[in-house]
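> What follows is a single structure, and I will ask about it in a moment.
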Amino acid sequence: MTKKNIVSFLVAISFSLHILAQQSATYTSNLVDYQKALSLYNNQQYLAAQSLFRNVKKTAKEEILQSDCTYYIANCAVRLNQQNADQLIEDYVKDYPTSTKKNTAFVDVADYYFENSKYAHARKWYDKVDEGALARKEKEKFNFNNGYSAFSTKQYKEARKYLTRVENSQEFGSQAKYYIGFMAYQGDDYDKANEYFDQVSDQERYKEKLSYYQADLNFKLGKFEKAIKLAKDRLEESDETEVSELSKIIGESYFNLEKYAEAIPYLTEYKGKKGKWNNTDFYQLGYAFYKQKNYESAISEFNKIISGNNSIAQNAYYHLGESYINLGKKQEALNAFRYASQMEYDLRIQEDAWLNYAKISYEIGNPYQSAPQVLANYLDKYPDTSYKEEIETLLIDSYITSKNYEEALKLLKGKKSFENKVAYQKVAFYRGLELYNDNNYLEAESLFSESLKEPRDPKYTARATFWKAEADYNLTNYDEALLGFKDFQQEPSSSSTPEIENIDYNLAYAYFKLKNYTESTKYFNQFISSKKEDKLRLNDAYLRLGDGHFVSSEYKSAINAYNKAIKLNEMESDYPFFQKAISTGYSGQSSKKIKELEQFISKYTKSKLRDDAMYELGNSYVKANEIDKAIAIYDRLNSEYKMSSFVPKSLLRQGLVYYNGSENERALTKFKKIAGDYPGTPEAVQSVATAKLIYIDLGRVDDYATWVRSLDYVEVTDADLDNATYEAAEKQYLDGNTDKAIKQFNGYLNEFPSGLHALQAHFHVAELYYKKDLSGNAAPHYKYIVETSHNEYTEEALSRLSQHFLEAKNWNKAIPLLLRLEEEADFPQNVVFAQSNLMKANYQLKNYSEAVNYADKVLKNSKIDNKIKSDAHIIIARSAIKTGDEDKAKTAYAKVEKVATGETAAEALYYKVYFKNKEGEHEASNKSVQRLAKDFSGYKYYSAKGLVLMAKNFYALGDAFQATYILESVIENFAEFDDVVSEAKDELRKIKVEEAKTNSSIQPED
């Protein structure tokens, strides 16, 4: 080697040694820092350690040093809960797959999470551990930690897998057995749980916990005595929560041992899960009270079980019903038994509940179904019941007592037994009576006929015969009515019926309508002689007796009858006073007649007969040749009663007086006024005829012709044909040939629309149509009459035409006619008709003040019947409700209740329920609902509304079961009434929200 080469070699060696020296220094420095970082890590100064590990890693060249730094950086991240910690561990394993710390990393991280109770995180990392690489001691810890982590995250299958591996471990065995036992307990494997708990029960650390579980285990294993002992032993050392649970175990154990008295204090002490009981809890305490005959307390627990639908609920509702029965609360019992009867968990309980439900329905009525339907359904469901005979007897009677005759008829149709035929006879009769009271005479007659088809009970055969005759009478079938009343008299059982009291009165009226006044007088006298106490009917009998004598020209007897009516004074005495005056005249006492008519006009200033009296007085003055007085009274009549039908008659009389006195021009003035103002009336026709004579006498035939051509109802050349055509139609009318008369009157009107007899023809054909129940055909003819000048037919036409529009609910067309009728009517009954229907029509049009005004007018008439009184009070009540005046409504409905029948009575009773509820009288309100259900079950709308109020009452009284059950039943059974169902749903939702606060079995959203 040359010198030069040696030098170069030495230089190179020197440089290498320098580099090595540098590397050695760096490595030494890194090791020092690494040791510092490790020391920080071991002292749990993870952030500082992590920072230093990062610095070491940056300068470290050795892979093992880099690997270790990476491991600790990731480990620090885990302990510092840094977001990227898991990823750093994953990266470590990925970057250093052969690292000896790989498995240790997984275990270390998992253990860290375990120790910090982050068991879900721990499970993730334990799953990555290679169990085979673990030492025996490490494996035990791994299995326990992994098992406990799985237990804590409710992965019980995995938990059992790992914990079972260490159940015999000296270090972890006891804990493992405890948790294995607990999982068995949770999984209802009580024998296994007991086995494991027994193995650790001697260890102090588990004693406290196990005392509760073992008590519960023994309870669940049916070892109630032992459960009681264990739980009682633990009570004094327990906190409030555990005392509650232990009390439940003790109470329920006593319950299962049928030691109900001992059970009650412990069951009561239970606080529930999260402060809430469930339906089973309420049932057990309720049943314990029930067995002690403490029915009030039993009810207070049972009725908290809302919307239950399982065997416990069925049992609870059945015993709730029993408890109510023992306290005499049948309405409440009805609902409880009904609910129990609808469940099939225990068929014995279901049948017994059905039986109780059926019997109570009969006793107090049923708001959901008619009592007959409930009883019939029970027999259908249990045809072989040992109570069959009893229920069949109740069923027959219930058809009558329920008063739901319409539905009872449907149920009885087709049932052939003798007992059912007896029931059918009665039910058909009572349904007919309902229809009769609603003025539906045609349907009523049909029902009475149906009743007579089954003449099983002689008393009801007699009664149906009577009321069929009454219906015929109201349908103007007087011949049939008379036969019916006579048949009634012949019935052997008629003497024991209430109808026999007035049979003479009814016969008298039938004869009166048939114009057989001799027989009519006979029966009125018989009635009068025996009925001194019925003043109102007696008064009427005297009036009709007087009328009978009057039309028979027996004026002395007529006067005597009218005087007795006046003296009795139960009705307005203007009519008999007037009739007496007329009778006096006919008896030849003209001056006395004049005196009495003058008295009448002075005394009865408001009478509808005052214009009649003025007209008669005028005629009497003429007859007495007191012409000036006659003219004066006629003028007074024409002035004071411009709308009276007597005005054209009065004018005609004046014209004739002038004509007879040769005051032709004055006579013509009167006749022309009549012809112009009252066209087509008989007075107008006579005026034209008499005027013709005057014109002929005066030789002014051309003037007559000119004048008469201006009268479109006089067709001079066709007069004979006009008369002949009308007379032909009238003959058919008088002979009772209805259809031929209608045809010929219409033919006459088509040929002579403004004929001499057009007015009479229109009236007669209208009446014939009306009698055939063809009011639509009659209406145009009545319209013609009311639109022409006032005449003798105006009042009847106004009544009939307004009735047609009322039936069609055309209130706006009815009202003007009714207003005229009120003003123009001579007959008091037509005034009442007008006023009562004006009140109804105005109510329908929401003119509430006018409706009330007319109702008040109606009620001022003391002689109206109860039906009209009821209608007036109901209009006042409804109007008050609509306008928010509930005080007035309450007063009015109370009056309605006293006089109403049928649906109106149901409405009045509902509002009695409503006002009592509003005033907080909940029990009284419920009693009225019960009456509504029993007596008016046919009127379902008010039954449904009453039930909603009953539910509110029960909830206010603390009975949640009754409240919710009733509301659910309303929703289920009355879907046709949207407003009621909507209210029921709202109330039910409110109650469930409130009850869910203390009962975990209730779902408010259901």
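Numbered by the numbering used here, the letters in the sequence shown go through residues 501 to 1506 in order. Ideal Cβ placement from N, Cα and C applies to all residues, glycine included.
1) Classify I1502: buried if its beta carbon has 16 or more other beta carbons within 10 angstroms, exposed otherwise.
2) Measuring CB to CB, does N530 end up less than 9 Å from L565?
3) Taking only the alpha-carbon atoms, compute the straight-line gap between T893 and A923 and give it to the nearest angstrom.
4) In this structure, does DSSP put K888 in helix, strand or coil?
5) In terms of alpha-carbon separation, which member of A1433, S1020, A1065 lies closest to N1510?
6) For S1120, which of K1142, P1148, S1083, S1107 has the nearest alpha-carbon?
7) Please go through the same chain and pick out, in chain order, the residues whose beta-carbon is closer than 7 Å to the beta-carbon of N871, but skip the five residues on each side of it.
8) Return helix, strand or coil for N1499, following the three-state DSSP convention.
9) Run through DSSP, which three-state label would K776 get?
10) Is F1263 near Y1226, with beta carbons less than 9 Å apart?
11) Which of the three DSSP states is assigned to T600 in this structure?
12) Assuming F948 is part of the alpha helix (DSSP H), what are its boundary residues?
13) Classify D630 as helix, strand or coil using the three-state DSSP reduction.
14) Quick check: the segment 1399-1419 against the segment 933-945, are there 3 or more CB pairs under 8 Å?
15) DSSP three-state call for D852: helix, strand or coil?
16) Determine the closest residue to N810 out of N779, K829, S567, with distance taken between C-alpha atoms.
17) Does DSSP classify H1257 as helix, strand or coil?
18) Give a yes or no on contact between the segment 1168-1175 and the segment 1186-1198, applying the rule of three or more CB pairs nearer than 8 Å.
19) May I ask whether a heavy atom of the ligand SAM can be found less than 8 Å away from the beta carbon of A858?
20) In three-state terms, what does DSSP make of H1264?
21) Grab the span of the alpha helix (DSSP H) containing G1247 for me, first residue to last.
22) Return the chain-ordered list of same chain residues with a C-beta closer than 7 Å to the C-beta of S1090, the five sequence neighbours on each side being excluded.
23) Where does L552 land, buried or exposed, given buried means 16+ other C-beta within 10 angstroms?
24) Measure the beta-carbon distance from L746 to A715 and round it to whole angstroms, keeping in mind my assumption that it falls under 8 Å.
25) Candidates K1382, L540, K1035, R1200: which alpha carbon is nearest V1352's?
26) What would DSSP say about A1325, mapped onto helix, strand or coil?
27) Under the three-state reduction of DSSP, which class applies to S722: helix, strand or coil?
28) Have a look at K536 and N575 and give me their C-alpha separation to the nearest angstrom.
29) Could you pull out every residue in the same chain whose Cβ sits closer than 8 Å to the Cβ of I1471, ignoring the five residues on either side in sequence?
30) Which residues in the same chain as K1035 place their Cβ atom closer than 8 Å to its Cβ, once the five residues preceding and following it in sequence are excluded?
31) What whole-angstrom Cβ distance do L947 and A928 have, given they're in contact under 8 Å?
32) Thinking just about the alpha-carbon of each residue, which of F1305, T598, S1362, K1360 is nearest to the one in N1337?
33) Measure the alpha-carbon distance for V1413 versus V1429 and round it to whole angstroms.
34) By how many angstroms is the C-alpha of A969 removed from the C-alpha of Y960?
35) Reducing DSSP to helix, strand and coil, say where K1445 ends up.
36) Would you kindly check if the distance between the Cβ of P1148 and the Cβ of T1181 is under 9 Å?
Answer, in terms of the structure:
1) Its Cβ being crowded by 16 or more others within 10 Å, I1502 is buried.
2) Yes, Cβ-Cβ distance for N530 and L565 is below 9 Å.
3) The alpha-carbon of T893 is positioned some 11 Å away from that of A923.
4) In the displayed model, K888 falls within a helix according to three-state DSSP.
5) One cannot answer for residue 1510 here, as it falls past the ends of the chain, which runs 501 to 1506.
6) Ranking K1142, P1148, S1083, S1107 by Cα distance to S1120 puts S1083 first.
7) According to the sequence as given, residue 871 is Ala; it is not Asn. Same-chain partners within the cutoff: S861, Y862, G865, S898, S902.
8) N1499 sits in a strand when the DSSP states are folded into three classes.
9) Note: K776 maps to strand in three-state DSSP.
10) At least 9 Å separates the beta-carbon of F1263 from that of Y1226.
11) In the structure shown, T600 sits in coil (DSSP, three-state: anything other than H, G, I, E or B).
12) Run containing F948: 941-952, per the alpha helix (DSSP H) assignment.
13) Note: D630 maps to coil in three-state DSSP.
14) Taking a cut-off of 8 Å on C-beta distances, the segment 1399-1419 touches the segment 933-945, as three or more cross pairs fall below it.
15) Residue state, collapsed to three classes: helix.
16) Checking every option, the nearest Cα to that of N810 belongs to N779.
17) DSSP, reduced to helix, strand and coil, places H1257 outside both helices and strands of the structure shown, so it counts as coil.
18) Between the segment 1168-1175 and the segment 1186-1198, the count of C-beta pairs closer than 8 Å reaches three or more; the two stretches touch.
19) No copy of the ligand SAM appears in this structure; indeed no ligand is present at all.
20) Reduced to three states, the DSSP call for H1264 is helix.
21) 1238-1251 is the extent of the alpha helix (DSSP H) around G1247.
22) Cβ within range, chain order: S1120, K1123, A1124.
23) Buried, since its Cβ has 16 or more Cβ neighbours within 10 Å.
24) With 8 Å as the limit, L746 and A715 qualify as a contact, their Cβ atoms being about 7 Å apart.
25) If we check each option's Cα against that of V1352, K1382 comes out closest.
26) A1325 carries a coil assignment under DSSP once its states are collapsed to helix, strand and coil.
27) Contrary to the premise, residue 722 reads as Gly rather than Ser in this sequence. Three-state DSSP puts G722 in coil, outside helix and strand.
28) Cα to Cα, K536 sits roughly 16 Å from N575.
29) By the criterion of a C-beta distance shorter than 8 Å, I1471 is surrounded in its chain by V1481, A1484, K1485, L1488, once the five residues flanking it on both sides are discounted.
30) Excluding positions up to five away in sequence, the list reads L1068, E1070.
31) Between A928 and L947 the Cβ distance is about 5 Å, and since that is below 8 Å, they are a contact.
32) Minimum Cα-Cα distance from N1337 among the listed residues F1305, T598, S1362, K1360 corresponds to F1305.
33) As the crow flies, the alpha-carbon of V1413 is around 6 Å from that of V1429.
34) A969 has its alpha-carbon roughly 14 Å from the corresponding atom of Y960.
35) The answer is helix: DSSP assigns K1445 an H, G or I state.
36) Contact annotation: T1181 and P1148 have beta-carbon atoms nearer than 9 Å.
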